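Peer 1: My structure is below; once you've seen it, I'll send some questions.
2 protein chains.
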Amino acid sequence: MQFIIQRDRLVQSVQEVMKAVTSRTTIPILTGVKITVKTEGVTLTGSDSDISIESFIPVEEDGNEIVEIKETGSIVLNARFFSEIVKKLPMDAVEIEVQNNLQTIIRSGKAEFNLNGLDAEEYPHLPLIEEENILRLPADLLKTLVRQTVFAVSTSETRPILTGVNIKVENDELTCIATDSHRLAMRKARLENEVNGTYNVVIPGKSLNELSKILDDTNEPIEIVITENQVLFRAKNLLFFSRLLEGNYPDTSRLIPTDSKTNITVHVKEFLQAIDRASLLAREGRNNVVKLSTLEGGVIEISSNSPEIGKVIEEVTAESIEGEELKISFSAKFVMDALKALEGTDIKINFTGAMRPFVIRSLHDDTMLQLILPVRTY
Amino acid sequence: MQFIIQRDRLVQSVQEVMKAVTSRTTIPILTGVKITVKTEGVTLTGSDSDISIESFIPVEEDGNEIVEIKETGSIVLNARFFSEIVKKLPMDAVEIEVQNNLQTIIRSGKAEFNLNGLDAEEYPHLPLIEEENILRLPADLLKTLVRQTVFAVSTSETRPILTGVNIKVENDELTCIATDSHRLAMRKARLENEVNGTYNVVIPGKSLNELSKILDDTNEPIEIVITENQVLFRAKNLLFFSRLLEGNYPDTSRLIPTDSKTNITVHVKEFLQAIDRASLLAREGRNNVVKLSTLEGGVIEISSNSPEIGKVIEEVTAESIEGEELKISFSAKFVMDALKALEGTDIKINFTGAMRPFVIRSLHDDTMLQLILPVRTY
Numbered sequence: 233m234q235f236i237i238q239r240d241r242l243v244q245s246v247q248e249v250m251k252a253v254t255s256r257t258t259i260p261i262l263t264g265v266k267i268t269v270k271t272e273g274v275t276l277t278g279s280d281s282d283i284s285i286e287s288f289i290p291v292e293e294d295g296n297e298i299v300e301i302k303e304t305g306s307i308v309l310n311a312r313f314f315s316e317i318v319k320k321l322p323m324d325a326v327e328i329e330v331q332n333n334l335q336t337i338i339r340s341g342k343a344e345f346n347l348n349g350l351d352a353e354e355y356p357h358l359p360l361i362e363e364e365n366i367l368r369l370p371a372d373l374l375k376t377l378v379r380q381t382v383f384a385v386s387t388s389e390t391r392p393i394l395t396g397v398n399i400k401v402e403n404d405e406l407t408c409i410a411t412d413s414h415r416l417a418m419r420k421a422r423l424e425n426e427v428n429g430t431y432n433v434v435i436p437g438k439s440l441n442e443l444s445k446i447l448d449d450t451n452e453p454i455e456i457v458i459t460e461n462q463v464l465f466r467a468k469n470l471l472f473f474s475r476l477l478e479g480n481y482p483d484t485s486r487l488i489p490t491d492s493k494t495n496i497t498v499h500v501k502e503f504l505q506a507i508d509r510a511s512l513l514a515r516e517g518r519n520n521v522v523k524l525s526t527l528e529g530g531v532i533e534i535s536s537n538s539p540e541i542g543k544v545i546e547e548v549t550a551e552s553i554e555g556e557e558l559k560i561s562f563s564a565k566f567v568m569d570a571l572k573a574l575e576g577t578d579i580k581i582n583f584t585g586a587m588r589p590f591v592i593r594s595l596h597d598d599t600m601l602q603l604i605l606p607v608r609t610y
Numbered sequence: 233m234q235f236i237i238q239r240d241r242l243v244q245s246v247q248e249v250m251k252a253v254t255s256r257t258t259i260p261i262l263t264g265v266k267i268t269v270k271t272e273g274v275t276l277t278g279s280d281s282d283i284s285i286e287s288f289i290p291v292e293e294d295g296n297e298i299v300e301i302k303e304t305g306s307i308v309l310n311a312r313f314f315s316e317i318v319k320k321l322p323m324d325a326v327e328i329e330v331q332n333n334l335q336t337i338i339r340s341g342k343a344e345f346n347l348n349g350l351d352a353e354e355y356p357h358l359p360l361i362e363e364e365n366i367l368r369l370p371a372d373l374l375k376t377l378v379r380q381t382v383f384a385v386s387t388s389e390t391r392p393i394l395t396g397v398n399i400k401v402e403n404d405e406l407t408c409i410a411t412d413s414h415r416l417a418m419r420k421a422r423l424e425n426e427v428n429g430t431y432n433v434v435i436p437g438k439s440l441n442e443l444s445k446i447l448d449d450t451n452e453p454i455e456i457v458i459t460e461n462q463v464l465f466r467a468k469n470l471l472f473f474s475r476l477l478e479g480n481y482p483d484t485s486r487l488i489p490t491d492s493k494t495n496i497t498v499h500v501k502e503f504l505q506a507i508d509r510a511s512l513l514a515r516e517g518r519n520n521v522v523k524l525s526t527l528e529g530g531v532i533e534i535s536s537n538s539p540e541i542g543k544v545i546e547e548v549t550a551e552s553i554e555g556e557e558l559k560i561s562f563s564a565k566f567v568m569d570a571l572k573a574l575e576g577t578d579i580k581i582n583f584t585g586a587m588r589p590f591v592i593r594s595l596h597d598d599t600m601l602q603l604i605l606p607v608r609t610y
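Those sequence lines, one after another, are chains A and B.
So for the first sequence, my numbering puts the first residue at 233; every next one is plus one.
So for the second sequence, my numbering puts the first residue at 233; every next one is plus one.
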């Protein structure tokens with residue numbers, strides 16, 4: 233195996249596949265990056281057995297030569313050292329050559345590294361995915377879906393299924409749901425293509441976070457292929473595999489209240505900042521809890537009290553307050569997470585009494601919803 | 233106590249004094265910031281008993297009103313909460329008022345905080361410093377002196393005196409020396425004023441690091457007052473006190489070799505980058521050690537070998553190599569620290585054999601020196 237490659241392009245691909253590599257693996261070869269050289273180009277692979285990433289660098293792109301292949305072949309190199317080395321190479325061109333006994337030379341300018349490689353035959357094969365149905369979404373929309381839901385997954389392993397995001401596909405519409413049983417985030421989006429049949433799977437939150445970091449903020453289409461125990465996201469020159477979580481995701485539809493008793497419309501920014509300030513003193517007290525009360529004249533009062541440190545009180549003028557008077561306490565963190573995930577400048581909040589979950593939505597957008605359980609303080 | 237103040241100016245002063253406040257103190261009142269209001273302005277004080285910082289905000293500056301004093305007085309407020317609160321206040325003006333029982337109101341726009349204060353009478357007094365001799369240095373030069381030496385202090389408490397920087401003053405010249413007994417950094421600077429007598433004190437490295445963070449990169453003069461067990465740095469509106477370390481600093485002058493057997497002149501950048509690359513593989517091996525060998529034709533070879541991972545070799549063309557042939561091993565970290573501290577584009581290195589300390593200097597600047605002990609590998 234021998235080839236010459238543009239350093240920056242190599243660095244970019246190495247950084248992509250490094251997202252799947254962990255040093256805390258019990259399978260030694262997975263601490264490596266697999267490099268496969270064929271006449272079409274160079275493929276890098278990284279995997280931690282939950283997530284696998286393949287990044288392809290074509291020989292030529294847009295008429296520019298990126299790789300010069302001298303001999304095809306493959307090798308596995310220690311991922312951490314390889315990635316640090318390529319980042320610090322002195323020149324724009326890098327030559328990589330496998331010699332006898334898996335010894336691999338990395339040459340750039342007057343610097344020459346000699347790394348002990350591992351046999352690529354021993355690297356696990358990535359899942360073969362049969363492509364019956366392909367779902368299509370623009371990359372930036374997919375990133376938004378992840379951003380607006382994944383923060384609400386559970387971080388506790390007591391119910392492993394809740395550490396994932398529930399993805400449902402029905403009637404060409406994709407729904408993402410995440411809940412840690414104290415709050416729930418839901419976002420829907422229309423697919424770009426028609427899809428036969430329905431899907432209902434759970435993708436680990438960690439996988440979606442890593443996927444989000446790799447995808448560009450463009451409207452380039454991402455192809456999604458869902459199988460029984462794997463999902464594949466395919467972008468240009470990039471394959472991202474994740475295992476699915478086993479088990480049934482709880483039916484969350486009946487959690488969302490259909491009626492309401494108090495409805496508030498308010499500017500996001502002022503409301504968010506007032507809660508942020510109130511939470512400064514709440515942090516040390518009862519689990520980050522702030523209190524919201526409706527006052528006369530369309531005013532919301534946000535307050536918090538932490539006997540040892542002090543108290544804070546702030547009034548926010550709402551756009552409108554309808555229905556019953558309300559005093560309710562909630563986790564400042566959960567409400568701030570939800571408000572940051574919403575788009576637009578105004579939101580509506582529907583309450584059904586101080587002990588029932590409440591729902592936050594953007595004023596003019598029904599594709600997403602944030603549900604939060606209040607905290608009992610009275 | 234009651235006053236109205238510009239928020240940004242308050243935030244800046246709070247951040248300055250926070251550098252001296254630690255939550256890990258055994259003296260509860262030192263977790264607070266002391267606020268003292270007099271007719272001239274507002275003084276904030278923070279202290280961890282090693283370092284004390286006083287920041288003064290005048291009532292008026294350059295014709296602009298910064299503070300409106302309504303009632304003089306003083307209070308101590310929890311530093312962490314106070315600093316987070318002022319950063320997040322909604323409006324440009326902040327009113328602070330002490331009511332009964334040390335209850336302190338912080339008001340900005342519609343937000344109102346009520347903090348439990350502590351009695352300012354219980355806050356320890358800062359040292360009274362008799363100003364016999366004042367040393368003067370521009371702020372940017374003082375920061376450079378610290379930057380070029382403080383990294384070499386010892387991080388181990390086995391010889392506490394080596395955790396400080398030795399400051400000597402003689403003949404209107406100030407010398408800073410730091411050593412951890414494996415390397416030594418020295419920098420001299422001429423004082424702006426004439427000084428009677430000599431000084432020889434040791435300032436904790438931590439104090440100098442914090443001082444450096446507070447000082448601006450300007451040529452504004454800093455006044456330094458040294459007493460038996462304290463040093464005071466005074467800038468405009470800022471007092472920075474540090475205790476001195478007790479004990480005698482070792483005499484380092486005899487460590488610096490006066491003769492040399494091999495002299496190398498080389499571009500800093502290329503040399504530094506080659507060592508950086510070689511250290512990538514050294515990290516896992518024998519304590520970050522790289523090897524330097526002189527070759528024919530004015531070439532330096534930098535190499536490193538880590539049997540389990542691989543090896544690296546790189547040639548750097550020197551400006552000149554004079555004297556005996558040399559093979560020497562050293563800590564890549566120590567040499568990189570030293571090279572980063574030097575100014576200018578070219579350096580000279582004087583070696584006195586593979587087992588003796590070597591000295592790195594800027595080619596055209598004799599005010600500073602970096603000395604490094606080699607590592608025995610043969």
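Just so it is clear, CB atoms sit at the ideal spot from N, CA and C, and this is done for glycine as well.
Everything numeric in this text was worked out from a predicted model, so none of it was measured.
Within 10 angstroms of the Cβ of B/Q505, are there 16 or more other Cβ atoms? Answer buried if so, exposed if not.
Peer 2: Stepping through the second sequence from its first residue, residue 505 of chain B is reached at position 273. Flag for B/Q505 reads buried.
Peer 1: Show which residues of chain B have a CB atom less than 7 angstroms away from the CB atom of A/G542.
Peer 2: As a working mapping, residue 542 of chain A is identified with position 310 in the first sequence. Residues of chain B passing the Cβ test: F345, N346, L347, N348.
Peer 1: What are the boundary residues of the beta strand (DSSP E) that B/N441 is part of?
Peer 2: Your numbering for residue 441 of chain B matches position 209 in the second sequence. B/N441 -> not in any beta strand (DSSP E); alpha helix (DSSP H) instead, spanning 437-446.
Peer 1: Determine whether the Cβ of A/L513 lies closer than 8 angstroms to any Cβ atom of chain B.
Peer 2: On the first sequence, position 281 is the one that residue 513 of chain A refers to. A/L513 counts as touching chain B.
Peer 1: When the Cα atoms are used, what is the spatial distance from A/A352 to A/V299?
Peer 2: Stepping through the first sequence from its first residue, residue 352 of chain A is reached at position 120. Stepping through the first sequence from its first residue, residue 299 of chain A is reached at position 67. So the alpha carbons of these two residues sit roughly 20 angstroms apart.
Peer 1: Return the first residue and the last residue of the beta strand (DSSP E) that A/K270 is part of.
Peer 2: As a working mapping, residue 270 of chain A is identified with position 38 in the first sequence. Residues 264-270.
Peer 1: Across the stretch 308-322 of chain B and the stretch 385-395 of chain B, are there enough close Cβ pairs to call them in contact, namely three or more that are closer than 8 angstroms?
Peer 2: no
Peer 1: What residue does the alpha helix (DSSP H) around A/S315 start on, and which one ends it?
Peer 2: Numbered from 1 along the first sequence, position 83 holds the residue referred to as residue 315 of chain A. Residues 311-319.
Peer 1: Flag this pair as yes or no: are the beta carbons of B/F288 and B/G264 separated by less than 8 angstroms?
Peer 2: On the second sequence, residue 288 of chain B is found 56 positions in, with the first residue counted as 1. On the second sequence, residue 264 of chain B is found 32 positions in, with the first residue counted as 1. No, the pair does not count as a contact, with Cβ atoms beyond the cut-off.
Peer 1: Determine which residues share a DSSP beta bridge with B/F472 and list them.
Peer 2: Numbered from 1 along the second sequence, position 240 holds the residue referred to as residue 472 of chain B. Beta-bridge pairing links B/F472 to B/I285, B/F465.
Peer 1: Consider the Cβ of B/Q331: report whether some Cβ of chain A lies at a distance smaller than 8 angstroms.
Peer 2: The count along the second sequence starts at 1 and reaches residue 331 of chain B at position 99. Not an interface residue.
Peer 1: Distance, Cα to Cα, A/E402 vs A/T430?
Peer 2: Taking the first sequence and counting its residues from 1, one reaches residue 402 of chain A at position 170. Taking the first sequence and counting its residues from 1, one reaches residue 430 of chain A at position 198. A/T430 has its alpha-carbon roughly 5 angstroms from the corresponding atom of A/E402.
Peer 1: Starting from B/I236, trace the beta strand (DSSP E) both ways and give me its first and last residue.
Peer 2: On the second sequence, position 4 is the one that residue 236 of chain B refers to. Segment 234-238, the beta strand (DSSP E) holding B/I236.
Peer 1: Give the straight-line distance between the Cα atoms of A/S284 and A/T271, rounded to the nearest whole angstrom.
Peer 2: Numbered from 1 along the first sequence, position 52 holds the residue referred to as residue 284 of chain A. Numbered from 1 along the first sequence, position 39 holds the residue referred to as residue 271 of chain A. Spanning the two alpha carbons is a distance of roughly 23 angstroms.
Peer 1: Is it the case that the Cβ atoms of A/L443 and A/V378 are separated by a distance below 8 angstroms?
Peer 2: The sequence position of residue 443 of chain A within the first sequence is 211, counting from 1. The sequence position of residue 378 of chain A within the first sequence is 146, counting from 1. Yes, Cβ-Cβ distance for A/L443 and A/V378 is below 8 angstroms.
Peer 1: For B/E546 versus B/T526, is the C-beta spacing smaller than 8 angstroms?
Peer 2: Residue 546 of chain B sits at position 314 when you count from the first residue of the second sequence. Residue 526 of chain B sits at position 294 when you count from the first residue of the second sequence. Their beta carbons are not under 8 angstroms apart, which means B/E546 does not touch B/T526 by this criterion.
Peer 1: How should B/M323 be labelled, buried or exposed, when 16 other C-beta atoms within 10 angstroms of its C-beta is the threshold for buried?
Peer 2: Taking the second sequence and counting its residues from 1, one reaches residue 323 of chain B at position 91. Classification for B/M323: exposed.
Peer 1: B/N310 versus chain A: which residues are under 7 angstroms apart at the beta carbon?
Peer 2: Numbered from its first residue, the second sequence carries residue 310 of chain B at position 78. In chain order: I541.
Peer 1: Does DSSP put A/R379 in a helix, a strand or coil?
Peer 2: On the first sequence, residue 379 of chain A is found 147 positions in, with the first residue counted as 1. In this structure, A/R379 counts as helix in the three-state DSSP scheme.
Peer 1: What are the residues of the stretch 313-332 of chain A that lie near chain B, defined by any Cβ-Cβ distance shorter than 8 angstroms?
Peer 2: F313, E316, I317, K320, L321, P322
Peer 1: Return the first residue and the last residue of the beta strand (DSSP E) that B/D598 is part of.
Peer 2: Position 366 of the second sequence, counting from 1, holds the residue named residue 598 of chain B. First-last of the beta strand (DSSP E) with B/D598: 597-604.
Peer 1: Do A/D280 and A/V253 have their CB atoms nearer than 8 angstroms?
Peer 2: On the first sequence, position 48 is the one that residue 280 of chain A refers to. On the first sequence, position 21 is the one that residue 253 of chain A refers to. Yes, the Cβ-Cβ distance between A/D280 and A/V253 is below 8 angstroms.
Peer 1: What did DSSP end up calling A/M250 once you bin it into helix, strand or coil?
Peer 2: Here residue 250 of chain A is taken as the residue at index 18 of the first sequence, counted from 1. It is helical.
Peer 1: Below 8 angstroms, can you find three or more Cβ-Cβ pairs linking the stretch 449-463 of chain A to the stretch 565-576 of chain A?
Peer 2: no
Peer 1: Please list, in chain order, the residues of the stretch 487-511 of chain B that have any C-beta partner in chain A closer than 9 angstroms.
Peer 2: E502, Q505, A506, D508, R509, A510
Peer 1: Just mark B/N461 as buried or exposed, buried being the case when its beta carbon has 16 or more other beta carbons within 10 Å.
Peer 2: The count along the second sequence starts at 1 and reaches residue 461 of chain B at position 229. Under this definition B/N461 is an exposed residue.
Peer 1: Give a yes or no on whether 8 angstroms exceeds the smallest Cβ distance from A/I259 to chain B.
Peer 2: Against the first sequence, residue 259 of chain A aligns to sequence position 27. Interface with chain B (8 angstroms Cβ-Cβ cutoff): A/I259 is excluded.
Peer 1: Counting only runs that start and end within the stretch 322-393 of chain B, where is the alpha helix (DSSP H) found for 4 or more residues in a row?
Peer 2: Counting only runs of 4+ residues, the alpha helix (DSSP H) found wholly inside the stretch 322-393 of chain B occupies 371-381, in chain order.
Peer 1: Using a Cβ cut-off of 7 angstroms, pull out every chain C residue sitting near A/K342, in sequence order please.
Peer 2: Annotation note: the requested chain C is absent from the structure, which comprises protein chains A and B.
Peer 1: Which same chain residues end up closer than 7 angstroms to A/E292 when comparing Cβ atoms and leaving out the 5 residues on each side of it in sequence?
Peer 2: On the first sequence, position 60 is the one that residue 292 of chain A refers to. Contacts found: I298.
Peer 1: Less than 8 angstroms between the beta carbons of B/V434 and B/V382, yes or no?
Peer 2: Residue numbering aside, residue 434 of chain B sits at position 202 when the second sequence is read from its first letter. Residue numbering aside, residue 382 of chain B sits at position 150 when the second sequence is read from its first letter. The answer is no: Cβ separation not under 8 angstroms.
Peer 1: Just tell me which of B/V308, B/N425, B/L470 has its CA closest to the CA of B/N333.
Peer 2: Here residue 333 of chain B corresponds to residue number 101 of the second sequence, with the count starting at 1. Looking at the Cα atoms, B/V308 is the closest of the given residues.
Peer 1: Going by DSSP, what residue range makes up the beta strand (DSSP E) through B/K627?
Peer 2: Any property of residue 627 of chain B remains undetermined from this structure, which presents chain B solely from 233 to 610.
Peer 1: Check whether the Cβ atoms of A/R588 and A/P482 lie closer than 8 angstroms to each other.
Peer 2: Walking along the first sequence from the start, residue 588 of chain A turns up at place 356. Walking along the first sequence from the start, residue 482 of chain A turns up at place 250. Contact flag unset, no.
Peer 1: For B/A325, which residues in the same chain have their Cβ closer than 8 angstroms to its Cβ, ignoring the five residues on either side in sequence?
Peer 2: The residue labelled residue 325 of chain B in the question sits at position 93 within the second sequence. The residues are I236, I237, Q238, R239, S340.
Peer 1: Please say whether A/L423 and A/D448 have beta carbons closer to each other than 8 angstroms?
Peer 2: Taking the first residue of the first sequence as 1, we reach residue 448 of chain A at position 216. Taking the first residue of the first sequence as 1, we reach residue 423 of chain A at position 191. The answer is no: Cβ separation not under 8 angstroms.
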